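Peer 1:
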Amino acid sequence: MSDLRYAFRTLRKSPGFTLVALLTLGLGIGANAAIFSVVQGVLLRPLPYQEPERLVRLFHTHAEQGVMDGAFSPQDFDDLTRELAGPRSPWERLGAYWFTAGHSGMTLTGEGEPRRLEAAMVGAGFFPTLGVEAARGRTLRPEENVPGADRVVMLSDRLWRRSFGADPRIVGGTLRLDGEAFTVAGVMPPSFQFPAREVDVWAPISLIAEDDIPHRRALRWMHVVGRLRPGTNLERAGAQTDALLARLAAAYPDSNEGWSAARLVRLHEALVGDVRPALVVLLAAVAGVLLIACANLANLLLARATTRGRELAVRAALGAGRRRLVRQLLIESVLLALAGGALGLLLAVWGVDALVALAAGDLPRPDEVRPDAGVVAFTFVLSLLTGLAFGLLPAFRASRLDDLHGVLKEGGRGGGGGRGRSLARNGLIVAETALAVVLLVGAGLMLRSFSSLLHVDPGFRAENVLSLSLTFPDTTDAEPGRLVAVRDEVVRRVEALPGVIAAGGAKTLPLAGGGEPYGYTVPGRSGALAEVQPQAGVFIVTPGYFRALGIPVLAGRAFTDRDGEEQPVIVVNRALARQVWPGEPAVGKALMLGEYRLEIVGVVGDVRSAGLAADPGSAVYIPSTLAPRSTMKLFVRTASDPLALAGAVRETIWQVDRDLPISDIAALPQVVAADVARPRFLSVLLALFGALALTLAAVGLYGVVAYGVGQRTHEIGIRMALGAGRGRVLRGVVGQGMRWTLLGLALGLAGAFAATRLLAGLLFGVAPTDAVTFAGVALLLAAAAALASWVPARRAAATDPLTALRSE
Amino acid sequence: MIRLRSVERAYRTGPLTTYVLRRIDLDVAEGEFVTVMGPSGSGKTTLLSILGMLDGAWTGEYHLRDHAVHELPQKRRQELAKQEIGFVFQSYHLLDNLTVYENLELPLSYRSVPKSQRQAMVAEALDRFQIVGKKDLFPSQLSGGQQQLVGVARAVIGHPALLLADEPTGNLHSAQAEEIMHLFKRLNDEGTTIIQVTHSEKNASYGDRVVQLLDGWIAGGEAAETARSTVS
């Protein structure tokens, strides 16, 4: 207790030191706490389902085609469920669902403006497999998941609160979705956000009619989630599932040849696996920053120890053993660290929201990210460890009183602490410089990667393009051709607006996916070439699409209004043309898609549909009249600011059909920005941490050099009295500071060379050992170190020899 | 109480060995008040530091009561010093961030004396030295004499058998110095063995005898005589 009281007083007596230490610790520990909040919420917190460790995502795979995350056909799923039932089955339950953001929606009418809701279509086993109950009402019953059954729907908690004011009476009430009356069976809990956070409603998968998605064994569109039987491991489940799929491949060679295995991934891993590397990198970065802060503080304490030499010597003379002295000094540093940790926790609470916002929707499970008891405990433990980390070396050094008698005799100063402490201080400078280099190299690489991404040609021109989502009434059965007519009229009228250069539509946003994968064959080929069924991404587009998006037509032509049923043609991209007909023109040739022979009328430039960082891949464009879809993304190229025309475009669309729901109105550059959200997130944070590390390292070096100058004032005075000029003194001091920095730099570069290989998967267009980055960081750090050394060196060079000689 | 035989203290600087104390033989009986005197650099403070076990780099034999200090490991010596010895410094060496009360309590806490007992002992010391009214003051709020008074109180609070004082009045004016010396005399009368280092003849007169040190030797001592005759 007395040590604690004394620690308070000692810190209070040095407000400058204490403030600097608190700020340093607050930033260092706070950054760690903030990133840990994210890691805990995203990676560590279990999924909010019953026994979530037993939940698994199943992916249908085709090794030859390189498909590792395929879906299942309804028939394959039925066979899985039937053949893998029973007590010997590794699966307790299996559930199917279909959801594609932006595609599997339902239009809500009768509740204000018509609105497009994101809908997940789920099978009878979906909710039982996940083991989740409705928060209000109930989940779907099996008998509601057959064609012709009463239409029911589940609402998400977010939709219930935002659109229905959390009215409990909605359960059992009726909603109009896609023109049909649906009964609301229940509302799901706020934590239930599967398969995606943006899902507004869950509806029976039986509503997907043959016309919507053909129920053929060759068409794989059902996603599957399974619950392992207790005690079953993933390997055994995989083996038994693979065995069944192999039997199906043998039994149905036309549709299932090659689709003879499944990839099983724990559901948690499937949801967060791809963000894990980025979060681990961030965690390592903030740990590095904290270590640098610890080294700084340790150096500060080592310097302070010399002024406390007398106090410690008196305590030893009064009977304090070394352990007692160490304990007392450690209590001071732990107290400082705990106070810094409290400040850091406060900063983390504020910072977490900013972090999630910076991730711009790219972070899975963002609602789970919050500072809670776990984060508080982490911060507390980290603070304790930090206090020990930066306090231990100075405590041991300071308590080593070799010349008690000498210190007491001198009446106060314990000298500079001798060579041992000097070595410790310089060693810390080397360590923190090395760490700063590793961090800065990582930040530099991410920034260059991000810059490379931004300079990638996406294959289209996003500037001055407005994009929006439309859902057309699917009245194909009652009024065949009406969907196409309405759509074409919308596009025609929008294109006629003043200020509009071109308008066109497609099913998907550019960069949002590689198109619907479809196998094709080349007519007239035989032998081995005919055996291979490569896949291309299929895009369904209107005639004005290429012009609206600025995708260049490299050969032949784009689509016209006449292309469609009577004139079944396609356009391919350059990648496909080169792959299938290297050195030959593709225009005039044909491809077989299923049983359809389609002539190629044009070749367009490659678009990076799967994202800026992905290769374009083969693409086939089909005129929308051949395969009309009820949802469409409309792209409007304007002469100036696209958002300025948003209102006019909307009004024009509603002139055609007042009940058309319009959503997701945005300027297309925002879409491009969203694609680089994760690299931007990483780059910004790493750059921030790198800058912090550089500042801390430079301040640390300044402190040590300044302290050294103070200790050597008498020596410098003698040298100057003997004839040493200012320049010589300057060079001497700077040289001494730089010596240790250069050693740290060399070690850091070596460490970065090894460590940055871990970043390889996160980089684009830049190697982990990029020489420009390494050289740039070395120069930057050397410059910072030179500046940090030069400031106290200038002071030393301005020493008055007489004054210095008197100050002994 | 104390028996030193051939105690020597030297400092090595490269090939050179500089002796601070040479073949010191010294006997101090229980209850004696011994003054060590000599010119600057004669080794007085070093001798006191060795006696107080603040300096362990010496050779020879040192017996304190029944303990052969020269045979004890460093940790055991520290324990022995805690129990048997109190030290008064010329510069008082009070801890600036502790109150008078806390400064007095400090050596007791290092001996793991239970809190209630510490409180009683500190109260007794404050009363004995008539500094109760100053118990919550910090050293910076006291005069030099008062600080040294607290230093003496701290040195004797654990009732040590031996009190060592290194120039205890060196930083005090004459009135304060006299006060401190009277206090030493009283403690000695109560049975405490005292060894003081001083330049002051007046202070030396409070003691029973004087030991003169000269160039690290005890002047007039057998060892010094032998060395002198060897040289001549």
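For the protein sequence lines, the chains are A and B, in the order given.
First residue of the first sequence: 1, per my numbering; consecutive thereafter.
First residue of the second sequence: 1001, per my numbering; consecutive thereafter.
Even glycine gets a Cβ: it sits at the ideal position worked out from N, Cα and C.
Just so we're clear, the structure is a prediction, and the values are computed from it rather than from any experiment.
Are the Cβ atoms of L1064(B) and L1048(B) separated by less than 8 Å?
Peer 2: Translated into the one-based positions of the second sequence, residue 1064(B) becomes position 64. Translated into the one-based positions of the second sequence, residue 1048(B) becomes position 48. No.
Peer 1: By how many angstroms is the C-alpha of A1010(B) removed from the C-alpha of E1167(B)?
Peer 2: The sequence position of residue 1167(B) within the second sequence is 167, counting from 1. The sequence position of residue 1010(B) within the second sequence is 10, counting from 1. Roughly 22 Å between the two C-alpha positions.
Peer 1: Which whole-angstrom value describes the C-beta separation of A536(A) and L576(A), a residue pair presumed to lie in contact below a C-beta threshold of 8 Å?
Peer 2: If you number the first sequence from 1, residue 536(A) lands on position 536. If you number the first sequence from 1, residue 576(A) lands on position 576. Right, their Cβ atoms sit about 6 Å apart.
Peer 1: Do you know whose CA, among I170(A), A243(A) and K13(A), lies nearest E83(A)'s CA?
Peer 2: If you number the first sequence from 1, residue 83(A) lands on position 83. Comparing Cα positions, the closest option is A243(A).
Peer 1: Straight-line CA distance for G344(A) to L780(A)?
Peer 2: As a working note, residue 344(A) is residue 344 in the first sequence. As a working note, residue 780(A) is residue 780 in the first sequence. Whole-angstrom Cα-Cα distance: 28 Å.
Peer 1: Just verifying my parser: in three-state terms, what is the DSSP assignment at T241(A)?
Peer 2: Translated into the one-based positions of the first sequence, residue 241(A) becomes position 241. The answer is helix: DSSP assigns T241(A) an H, G or I state.
Peer 1: Going by beta carbon distance, what residues of the same chain come within less than 7 Å of V438(A), once the five residues before and after it are set aside?
Peer 2: If you number the first sequence from 1, residue 438(A) lands on position 438. Correct list, in chain order: G288, G748, G751, A752 and A755.
Peer 1: Count the other CB atoms, across all protein chains shown, that sit within 10 Å of the CB of R216(A); report buried if there are 16 or more and exposed otherwise.
Peer 2: In the first sequence, the residue the question calls residue 216(A) occupies position 216. With fewer than 16 other Cβ atoms within 10 Å, it is exposed.
Peer 1: So, does the stretch 694 to 706 of chain A touch the stretch 445 to 463 of chain A, judging by three or more C-beta pairs under 8 Å?
Peer 2: These segments do not touch.
Peer 1: Compare the C-alpha of D200(A) against each of R731(A), V326(A), L688(A) and L117(A) and name the closest.
Peer 2: Against the first sequence, residue 200(A) aligns to sequence position 200. Closest by alpha carbon: L117(A).
Peer 1: When you compare only the Cα positions, how much space is there between P74(A) and V571(A)?
Peer 2: For this step, residue 74(A) is matched to residue 74 along the first sequence. For this step, residue 571(A) is matched to residue 571 along the first sequence. Each residue's alpha carbon lies about 31 Å from the other.
Peer 1: Among all the DSSP beta bridges, which residues are the ones paired with H62(A)?
Peer 2: Counting from 1 along the first sequence, the entry for residue 62(A) is found at position 62. BP columns for H62(A) point to V67(A).
Peer 1: Any idea what DSSP makes of V1088(B), helix, strand or coil?
Peer 2: For the purposes of this step, residue 1088(B) is taken as residue 88 along the second sequence, with counting starting at 1. Note: V1088(B) maps to strand in three-state DSSP.
Peer 1: Between the C-alpha atoms of A278(A) and V39(A), what's the straight-line distance to the nearest angstrom?
Peer 2: Your numbering for residue 278(A) matches position 278 in the first sequence. Your numbering for residue 39(A) matches position 39 in the first sequence. When rounded, the distance between both Cα atoms is 10 Å.
Peer 1: By how many angstroms is the C-alpha of F378(A) removed from the C-alpha of A33(A)?
Peer 2: Locating residue 33(A) in the first sequence gives position 33, where the first residue counts as 1. Locating residue 378(A) in the first sequence gives position 378, where the first residue counts as 1. Taking the straight line joining both Cα atoms gives about 7 Å.
Peer 1: Would you mind working out which of S206(A), R739(A), L336(A) and T232(A) sits nearest R9(A), comparing C-alpha positions?
Peer 2: In the first sequence, the residue the question calls residue 9(A) occupies position 9. Minimum Cα distance to R9(A) is reached at L336(A).
Peer 1: Report the option in V1156(B), N1203(B) and V1197(B) whose CA atom is closest to the CA atom of E1084(B).
Peer 2: Mapped onto the second sequence, residue 1084(B) falls at position 84. Cα-wise, what sits closest to E1084(B) is V1156(B).
Peer 1: The beta strand (DSSP E) with T1209(B) in it runs from where to where?
Peer 2: Reading the second sequence from its first residue, position 209 is the one you call residue 1209(B). The question names Thr, but residue 1209(B) in the sequence shown is Arg. Taken as a continuous stretch (DSSP letters only), the beta strand (DSSP E) holding R1209(B) covers R1209 to L1214.
Peer 1: State the start and end residues of the unbroken beta strand (DSSP E) segment that holds Y1062(B).
Peer 2: For the purposes of this step, residue 1062(B) is taken as residue 62 along the second sequence, with counting starting at 1. W1058 to L1064 is the span of the beta strand (DSSP E), which, as asked, contains Y1062(B).
Peer 1: Got a sec: which bits of the stretch 1194 to 1217 of chain B sit with their beta carbon under 8 Å from any beta carbon on chain A, in order along the chain?
Peer 2: Cβ contacts with chain A come from no residue of the stretch 1194 to 1217 of chain B.
Peer 1: Which partner residues does K633(A) have in the DSSP bridge list?
Peer 2: Taking the first residue of the first sequence as position 1, residue 633(A) is located at position 633. According to DSSP, K633(A) bridges with S469(A) and A506(A).
Peer 1: Can you tell me whether N296(A) is helix, strand or coil according to DSSP?
Peer 2: Residue numbering aside, residue 296(A) sits at position 296 when the first sequence is read from its first letter. Helix at N296(A).
Peer 1: According to DSSP, which residues form a beta bridge with A261(A)?
Peer 2: Against the first sequence, residue 261(A) aligns to sequence position 261. DSSP output for A261(A) lists T61(A) as bridge partner(s).
Peer 1: Using a beta-carbon distance cut-off of less than 8 Å, what residues from the stretch 7 to 26 of chain A approach chain B?
Peer 2: Those residues of the stretch 7 to 26 of chain A that come within reach of chain B (Cβ to Cβ, closer than 8 Å) are R9, T10 and K13.
Peer 1: Which partner residues does V122(A) have in the DSSP bridge list?
Peer 2: Position 122 of the first sequence, counted from the first residue, corresponds to residue 122(A). V122(A) pairs with Y97(A) and P204(A).
Peer 1: Please confirm if the stretch 38 to 56 of chain A is in contact with the stretch 227 to 244 of chain A, defined as three or more CB-CB distances below 8 Å between the two stretches.
Peer 2: Touching, yes.
Peer 1: Run down chain B in chain order and give the residues with a C-beta less than 7 Å from the C-beta of L4(A).
Peer 2: Translated into the one-based positions of the first sequence, residue 4(A) becomes position 4. Those do not exist, as L4(A) stays about 13 Å from chain B at its closest Cβ, beyond 7 Å.
Peer 1: Go ahead and label T803(A) buried or exposed: buried means 16 or more other beta carbons lie within 10 angstroms of its beta carbon, across all protein chains shown.
Peer 2: Position 803 of the first sequence, counted from the start, is the residue given in the question as residue 803(A). Classification for T803(A): exposed.
Peer 1: Closer than 8 Å, Cβ to any Cβ of chain A: which residues of the stretch 1101 to 1112 of chain B, in chain order?
Peer 2: So the close ones are E1102, E1105, L1106, P1107, S1109, Y1110 and R1111.
Peer 1: S683(A) lies in the alpha helix (DSSP H); which residues open and close that run?
Peer 2: Indexing the first sequence from 1 puts residue 683(A) at position 683. Where S683(A) is concerned, the enclosing alpha helix (DSSP H) stretches over A677 to Q711.
Peer 1: Compare the C-alpha of V171(A) against each of S156(A), S2(A), A357(A) and P669(A) and name the closest.
Peer 2: In the first sequence, counting from the first residue as 1, residue 171(A) sits at position 171. Looking at the Cα atoms, S156(A) is the closest of the given residues.
Peer 1: Anything in chain B within Cβ reach of A320(A), meaning under 7 Å, just list it in chain order.
Peer 2: Translated into positions along the first sequence, residue 320(A) becomes position 320. Within chain B, the residues near A320(A) are Y1110.
Peer 1: Determine the DSSP secondary structure at V820(A), reduced to helix, strand or coil.
Peer 2: Because chain A here runs from 1 to 808, residue 820(A) falls outside it and cannot be looked at.
Peer 1: If you measure from the beta carbon of S1049(B) to each beta carbon in chain A, is any gap under 8 Å?
Peer 2: For the purposes of this step, residue 1049(B) is taken as residue 49 along the second sequence, with counting starting at 1. So, interface residue.
Peer 1: Check each candidate in F764(A), G708(A), E489(A) and D770(A) and name the one with the smallest Cα separation from I653(A).
Peer 2: Your numbering for residue 653(A) matches position 653 in the first sequence. Closest option to I653(A), Cα to Cα, is E489(A).
Peer 1: What residue does the beta strand (DSSP E) around V572(A) start on, and which one ends it?
Peer 2: Position 572 of the first sequence holds residue 572(A). Element bounds for V572(A): V569 to N573.
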